[in-house]
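K.L.:
Going by this note's numbering, the sequence shown opens with residue 1, and the numbers climb by one from there.
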Amino acid sequence: MKDQNQLALLATQLKGELYYTDEASHQTMLLAYSTDASVYQEKPLAVAIPSDINDIKNLIDFARANQTTLIPRTAGTSLAGQVVGNGIIMDISRHFNRILELNVEEKWVRLQPGVIRDDLNSYLKPFGLMFGPETSTASRAMVGGMIGNNSSGLHSIVWGDTRHNLIAANVLLDDKSEVSFASLDEASYFKKLLQADREGDIYRHMNDLLTDPQNLAAIETGYPKRSITRRNTGYALDILSDRTQPFNMCNLLAGSEGTLAIVTEAKLHLMDLPPQELGLLCVHFADMVECMHGNVIALNHQPEASELVDKYIMDFTVGHPTYKYNRFFIEGDPQALLIVEFRGHTAVETEAKAMALKAELIEKGLGYAYPYIIGVEQTNLVWDVRKAGLGLIRNLPGDSQPVNLIEDCAVSPEDLPAYVSDIQKLLVEEGVHASYYAHAGAGELHIEPFVNLKTEEGKRTFRSILEKTSDLVLKYNGSLSGEHGDGRLRGEFIGKVLGEKVYKLLEEVKVIFDPVGIFNANKIVNTPPMDAHLRYDNDKNRTDIKTYFDFSKDESILRLAEKCSGSGDCRKTEITGGTMCPSFMATRDEKDTTRARANMLRQFLTNSTKKNRFDHEEIKEVMDLCLSCKGCKTECPSSVDVAKMKAEFLQHYYDEHGAGFRAKLIANFTDSQKLGSLVAPIYNFVVKNDFLSGLVKKTVGFAPKRSLPTVNGTTLSQWVRKQTITPQNKRRVYLFSDEFTEYNDAEIGITAYKLLTALGYEVIIPKHVQSGRTYLSKGFVKEAKKIANQNINFLKGLITDETPLLGIEPSGIITFRDEYLSLVDENLRTDAQLVAKNALMIDEFLLAEIEAGRIHQEQFTAVEKNIKLHGHCYQKAFHLVGVTQQVLAFPSNYSVEVIPSGCCGMAGSFGYEAEHYDVSMKVAELVLLPAVRNTDTATLIAAAGTSCRHQIKDGAGRKSFHPVEILYDALLK
1 MKDQNQLALL
11 ATQLKGELYY
21 TDEASHQTML
31 LAYSTDASVY
41 QEKPLAVAIP
51 SDINDIKNLI
61 DFARANQTTL
71 IPRTAGTSLA
81 GQVVGNGIIM
91 DISRHFNRIL
101 ELNVEEKWVR
111 LQPGVIRDDL
121 NSYLKPFGLM
131 FGPETSTASR
141 AMVGGMIGNN
151 SSGLHSIVWG
161 DTRHNLIAAN
171 VLLDDKSEVS
181 FASLDEASYF
191 KKLLQADREG
201 DIYRHMNDLL
211 TDPQNLAAIE
221 TGYPKRSITR
231 RNTGYALDIL
241 SDRTQPFNMC
251 NLLAGSEGTL
261 AIVTEAKLHL
271 MDLPPQELGL
281 LCVHFADMVE
291 CMHGNVIALN
301 HQPEASELVD
311 KYIMDFTVGH
321 PTYKYNRFFI
331 EGDPQALLIV
341 EFRGHTAVET
351 EAKAMALKAE
361 LIEKGLGYAY
371 PYIIGVEQTN
381 LVWDVRKAGL
391 GLIRNLPGDS
401 QPVNLIEDCA
411 VSPEDLPAYV
421 SDIQKLLVEE
431 GVHASYYAHA
441 GAGELHIEPF
451 VNLKTEEGKR
461 TFRSILEKTS
471 DLVLKYNGSL
481 SGEHGDGRLR
491 GEFIGKVLGE
501 KVYKLLEEVK
511 VIFDPVGIFN
521 ANKIVNTPPM
531 DAHLRYDNDK
541 NRTDIKTYFD
551 FSKDESILRL
561 AEKCSGSGDC
571 RKTEITGGTM
581 CPSFMATRDE
591 KDTTRARANM
601 LRQFLTNSTK
611 KNRFDHEEIK
621 EVMDLCLSCK
631 GCKTECPSSV
641 DVAKMKAEFL
651 QHYYDEHGAG
661 FRAKLIANFT
671 DSQKLGSLVA
681 PIYNFVVKND
691 FLSGLVKKTV
701 GFAPKRSLPT
711 VNGTTLSQWV
721 RKQTITPQNK
731 RRVYLFSDEF
741 TEYNDAEIGI
751 TAYKLLTALG
761 YEVIIPKHVQ
771 SGRTYLSKGF
781 VKEAKKIANQ
791 NINFLKGLIT
801 DETPLLGIEP
811 SGIITFRDEY
821 LSLVDENLRT
831 DAQLVAKNAL
841 MIDEFLLAEI
851 EAGRIHQEQF
861 TAVEKNIKLH
871 GHCYQKAFHL
881 VGVTQQVLAF
891 PSNYSVEVIP
901 SGCCGMAGSF
911 GYEAEHYDVS
921 MKVAELVLLP
931 AVRNTDTATL
941 IAAAGTSCRH
951 QIKDGAGRKS
961 FHPVEILYDA
971 LLK
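#1: Do the segment 545 to 558 and the segment 601 to 609 meet, that is, are 3 or more Cβ pairs less than 8 Å apart?
#2: To the nearest angstrom, how far is it from the Cα of residue 804 to the Cα of residue 755?
#3: Assign residue 974 to one of two classes, buried (16 or more other C-beta atoms within 10 Å of its C-beta) or exposed (fewer than that).
#4: Where residue 947 and residue 905 are concerned, what is the direct C-alpha to C-alpha distance, given to the nearest angstrom?
#5: Find the nearest neighbour of residue 689 within the set 673, 677, 707 and 207, judged by alpha-carbon distance.
#6: Where does residue 957 land, buried or exposed, given buried means 16+ other C-beta within 10 angstroms?
#7: Which runs of the alpha helix (DSSP H) fall wholly inside the segment 763 to 795 and span at least 4 residues, in chain order?
#8: To the nearest whole angstrom, what separates the beta carbons of residue 31 and residue 618, a pair I think is in contact under 8 Å?
#9: Would residue 303 and residue 329 be called neighbours here (beta carbons separated by less than 8 Å)?
#10: Return yes when the Cβ of residue 240 is within less than 8 Å of the Cβ of residue 210, no when it is not.
#11: So residue 628 packs on residue 907, CB below 8 Å; how close in whole Å?
#12: Taking 7 Å as the cut-off, does the CB of residue 751 come closer than this to any heavy atom belonging to the ligand FMN?
#13: Please classify residue 959: does DSSP put it in a helix, a strand, or coil?
#14: What do you reckon, are the CB atoms on residue 204 and residue 175 nearer than 8 Å?
#15: Please state whether DSSP places residue 583 in a helix, a strand or coil.
#16: Could you check the C-alpha separation between residue 22 and residue 687 for me, to the nearest Å?
#17: May I have the straight-line CA-CA distance separating residue 83 from residue 793, to the nearest angstrom?
#18: Taking C-beta to C-beta, are residue 379 and residue 299 nearer than 8 Å?
#19: From this set, 446, 431 and 424, which residue's C-alpha is nearest residue 390's C-alpha?
#20: Please confirm whether residue 45 and residue 12 have their CB atoms less than 8 Å apart.
#21: Between residue 133 and residue 90, which are expected to be in contact by the criterion C-beta below 8 Å, what is the C-beta distance as a whole number of angstroms?
#22: Pick from 458, 223, 862 and 188: whose alpha carbon is nearest that of residue 499?
#23: Taking residue 856 as the reference, which of 837, 889 and 142 has the closest Cα?
#24: Going by DSSP, what residue range makes up the alpha helix (DSSP H) through residue 222?
#25: Just mark residue 460 as buried or exposed, buried being the case when its beta carbon has 16 or more other beta carbons within 10 Å.
#26: To the nearest angstrom, report how far apart residue 983 and residue 694 are at their CA atoms.
#27: Please list the terminal residues of the continuous beta strand (DSSP E) segment that includes residue 814.
#28: Anyone know if the C-beta pair for residue 940 and residue 850 falls short of 8 Å?
#29: Assuming the contact rule is C-beta atoms closer than 8 Å, residue 702 and residue 914 should be a hit. Round their C-beta distance to whole Å, please.
#30: Measuring straight from C-alpha to C-alpha, what distance separates residue 664 and residue 782?
#31: I'd like to know if the segment 913 to 932 and the segment 874 to 883 are in contact, where contact means that at least 3 CB-CB pairs between them fall below 8 Å.
#32: Around the Cβ of residue 529, are there at least 16 other Cβ atoms within 10 angstroms (buried) or fewer (exposed)?
#33: Using CA atoms only, rank isn't needed, just tell me which of 616, 564, 615 and 613 is closest to residue 593.
#34: Taking one C-beta from the segment 358 to 366 and one from the segment 307 to 314 each time, how about it: are there three or more such pairs within less than 8 Å?
#35: With a threshold of 8 Å, are at least 3 pairs of Cβ atoms found where one atom belongs to the segment 822 to 829 and the other to the segment 949 to 963?
#36: With three or more C-beta pairs closer than 8 Å as the rule, is the segment 247 to 263 touching the segment 490 to 507?
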């Protein structure tokens with residue numbers, strides 16, 4: 001059966017892609033799809049990327065003929081293992097992503113299941129409409145997955161869940177027939193019962209099940225009490241049997257986890273955009289149970305949301321490169337924080353609601369601080385902490401990590417104080433701690449115990465906690481699953497919670513729809529043991545890996561890779577924005593996500609039997625399109641720094657196989673440019689001549705359409721040595737002449753020197769060598785380490801708070817603040833930290849001087865000028881784009897708009913390489929190049945990165961300027 005020949009035949013029948021062979025590219029895909037955001041891992045038989053409905057029909061035929069199962073997948077952010085299994089993963093996210101029809105008057109939209117929730121709402125916003133259900137993963141969660149899990153989100157107490165917003169759905173049944181599920185009146189329902197086809201057969205069997213008095217009695221007594229809105233345990237027979245509402249099979253489809261049919265199209269109910277006046281009352285509590293009592297009070301005030309954040313999550317924002325900026329509203333050291341949202345048509349109305357709650361909480365002695373946050377930017381920062389909870393707590397050190405286990409259990413909100421108290425006692429008995437966060441207002445807390453699943457004892461604890469928690473769910477007549485679903489995690493406990501009679505009915509439903517298990521078998525019913533196929537299946541400690549970087553801050557490179565929670569923040573699109581992950585934004589391939597790269601490293605570093613555990617073509621394959629943009633270092637809540645891990649991997653790969661000619665040439669870029677500068681006219685003639693440069697590109701492996709950089713005959717250092725230093729300068733600064741500015745952009749370096757000296761600073765280029773960026777980008781870490789040691793030895797004692805080191809090229813100067821800290825020899829670490837602290841982008845220094853009153857607006861022109869700014873990836877990673885924006889806007893009539901672009905796509909040598917050129921340009925075309933083309937010629941384009949300026953020139957035929965050029969031009973001489 002399912003042998004390679006049959007799969008090969010299937011591949012010829014599909015317009016889309018099928019991955020199944022032993023080739024590295026195929027194995028990479030299979031391994032990338034072996035996990036989701038759960039604790040499970042199982043290698044699939046194959047991965048299919050269907051391009052149309054006919055492809056799905058062919059896959060259904062194959063599954064039936066070969067006794068395998070189809071596992072539908074969109075973003076892969078399931079927390080209960082719904083999209084993990086040994087069948088065929090069917091990823092519909094890439095090709096089923098169109099919005100088909102919008103009816104503004106009737107407030108509905110018809111679309112395919114691969115449309116992302118936030119992207120949909122971006123499309124709907126100009127019409128004053130939105131789709132309500134809002135998961136914390138809404139920037140990448142897709143409609144198909146939201147239907148499968150019946151997603152809810154933090155505003156569900158007002159906006160509802162997916163089931164209640166699903167009007168109709170087109171699906172494929174197990175015989176490939178295309179049917180539509182929708183609300184039926186009595187006549188239409190009986191017409192369905194009379195149909196002599198597969199659809200009619202399903203309706204007849206479901207009718208028999210739902211009209212049996214014993215079944216109805218079991219459903220009535222078995223399902224959670226009606227006051228619980230988060231009720232996603234099993235199939236929704238309780239809702240489907242409610243005869244006070246029109247019969248709609250969509251009620252069963254929602255929450256069915258792709259086990260009954262394949263959704264190909266959905267019709268969703270839309271709501272008006274909520275009132276724009278928004279305020280958050282952030283109530284601080286010294287105790288978790290006290291917080292739950294406060295939540296009951298809050299719900300009496302009809303808030304839009306009431307969400308919990310605990311101390312663990314708050315603590316992990318401290319020092320986080322992104323979320324440290326979100327802590328502004330936290331007072332003291334609360335154990336729990338209740339974020340209560342109010343909306344209104346006026347600010348006064350909204351604040352009055354919040355203050356009424358505050359007054360009652362104070363009256364009842366609940367809480368100790370009550371900051372009220374308003375403004376879109378500020379409230380978004382607060383909500384971002386809550387939404388990032390899943391990723392932030394993955395920063396917990398050690399092998400005991402937060403596990404999705406009892407995080408989806410729900411009770412009535414009034415039962416939460418007692419339920420939380422019981423859970424706390426249970427976890428004390430088990431000897432574990434836990435993080436508590438999320439949907440207090442809906443009675444569903446994401447409680448994530450910290451368990452070491454690498455040990456047998458931890459696995460026993462894993463099972464024991466769920467067994468005991470299911471007793472508590474029964475005690476409070478709650479729901480085992482609220483919005484994350486049963487999957488393979490909670491399936492074996494459904495019978496205990498809903499009753500064995502109801503469980504038999506669930507099994508019957510599965511057989512009615514899918515008797516041979518074509519659709520996502522062994523999820524919800526007939527699941528494997530909840531502790532089978534975990535990510536870790538041995539007790540071996542595999543973290544003892546010799547590395548060139550020092551990964552001790554992350555405990556080891558393996559633990560850094562393990563920090564990936566699978567939450568898929570790296571799957572957002574250019575519509576949502578951000579830098580992470582540019583290659584995925586361009587290709588929409590799962591293997592090109594930060595998640596896939598981290599998981600690939602984790603799997604091989606854990607399981608490889610080779611002496612060099614990095615020596616695997618699958619790792620090389622998954623790292624190939626990583627642009628080393630560092631977006632993941634800060635945008636990933638778990639700070640999974642793939643750029644650093646890629647460099648480490650490449651060095652180990654070279655240790656085994658050696659490095660290629662092109663990689664060595666790029667790494668030694670400085671040497672070639674130094675030689676070129678000695679014969680600059682000849683060098684520049686060659687690189688500008690179409691024929692000669694074409695030969696160079698063909699020989700090296702560069703893209704024919706890419707222009708090559710020219711060199712300056714006079715380097716920046718040579719020019720500066722000829723300048724005279726006047727003694728009246730008020731402050732000394734050191735200028736780092738990076739390898740790009742020194743040889744390729746010397747005129748920009750000269751302009752920076754002129755700007756600083758004109759402003760009264762003494763500028764000295766200290767003794768140093770290149771930054772090592774080209775070596776790091778190509779993975780020559782051993783050479784980069786030598787360079788880092790040299791530079792720190794040259795600069796230690798010289799660079800201080802009073803005499804900072806200023807950089808012009810972001811990728812050069814930021815190396816001091818990033819890689820050097822884990823690259824230099826141990827005896828130089830303290831010196832490296834002191835240098836890093838005072839290694840600044842030139843605009844950082846200028847802004848500090850402006851704020852100190854040492855640079856004045858009167859020194860610059862008052863002429864009006866509009867500027868559009870594209871930030872370099874490293875500036876974005878270190879939150880420096882806003883600094884550049886402020887400095888460029890310092891002249892009184894200069895207006896600066898930041899282009900909402902991610903990576904430019906050039907990424908150093910990446911955009912030169914022939915095999916990467918197309919992806920490079922796709923990345924650039926997402927936002928940057930269209931924005932530049934749509935900018936009038938009177939507006940200046942600013943970009944600090946040399947690669948960024950090169951991409952803009954090649955892609956848009958437009959000259960862009962380094963910020964120092966614009967500022968020097970604005971300076972009154």
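Backbone N, C-alpha and C fix where the C-beta goes; we use that ideal spot for every residue, glycine too.
P.N.:
Concretely, from the data shown:
#1: Touching, per the Cβ criterion.
#2: Going from the Cα of residue 804 to the Cα of residue 755 covers about 16 Å.
#3: There is simply no residue 974 to check, as the chain begins at 1 and stops at 973 in what is shown.
#4: One C-alpha to the other measures close to 9 Å.
#5: From the listed residues 673, 677, 707 and 207, the smallest Cα separation to residue 689 is found for 707.
#6: Sixteen is the threshold: since fewer than 16 other Cβ atoms of the shown chains lie within 10 Å of the Cβ of residue 957, the residue is exposed.
#7: Those alpha helix (DSSP H) runs which fall completely within the segment 763 to 795 and span 4+ residues are 773 to 777 and 781 to 795.
#8: Residue 618 and residue 31 do touch by the CB rule: their CB atoms are close to 6 Å apart, below 8 Å.
#9: Judged by their CB atoms, residue 303 and residue 329 are not nearer to each other than the 8 Å cut-off.
#10: If you check the CB distance, residue 210 and residue 240 come in under 8 Å.
#11: In this structure residue 628 is in contact with residue 907, their Cβ atoms being roughly 6 Å apart against a cut-off of 8 Å.
#12: As presented, the structure is devoid of all ligands, the ligand FMN included, so that no description of it is given.
#13: In the three-state reduction of the DSSP assignment, residue 959 falls in the coil class.
#14: Result no, Cβ atoms of residue 204 and residue 175 do not sit closer than 8 Å.
#15: Note: residue 583 maps to helix in three-state DSSP.
#16: Using only the alpha carbons, I get a separation of about 42 Å.
#17: Whole-angstrom Cα-Cα distance: 52 Å.
#18: Contact flag unset, no.
#19: Out of 446, 431 and 424, 446 has the C-alpha closest to the C-alpha of residue 390.
#20: No, the Cβ-Cβ distance between residue 45 and residue 12 is not below 8 Å.
#21: Going by Cβ atoms, the distance from residue 133 to residue 90 rounds to 23 Å, so no, they are not a contact pair.
#22: Closest in C-alpha terms to residue 499, from the list 458, 223, 862 and 188, comes 223.
#23: Of the residues 837, 889 and 142, the one whose Cα lies closest to the Cα of residue 856 is 889.
#24: Note, residue 222: alpha helix (DSSP H), 213 to 222.
#25: Its Cβ having fewer than 16 others within 10 Å, residue 460 is exposed.
#26: Residue 983 lies beyond the stretch modelled for the chain, which goes from 1 to 973, so this question has no answer here.
#27: Where residue 814 is concerned, there is no enclosing beta strand (DSSP E), although the alpha helix (DSSP H) it sits in stretches over 810 to 817.
#28: No, these two residues do not count as a Cβ contact at 8 Å.
#29: Taking 8 Å as the upper bound for CB-CB distance, residue 702 and residue 914 are in contact here, some 6 Å apart.
#30: Straight-line measurement puts the Cα of residue 782 at about 13 Å from the Cα of residue 664.
#31: The segment 913 to 932 vs the segment 874 to 883: no contact.
#32: Exposed: under 16 other Cβ atoms inside 10 Å.
#33: For residue 593, the nearest C-alpha among the options comes from 564.
#34: They do not touch, by the three-pair rule.
#35: Under the Cβ criterion (8 Å, minimum of three pairs), the segment 822 to 829 does not count as touching the segment 949 to 963.
#36: In the pairwise beta carbon analysis, the segment 490 to 507 is classified as not touching the segment 247 to 263: fewer than three pairs are separated by under 8 Å.
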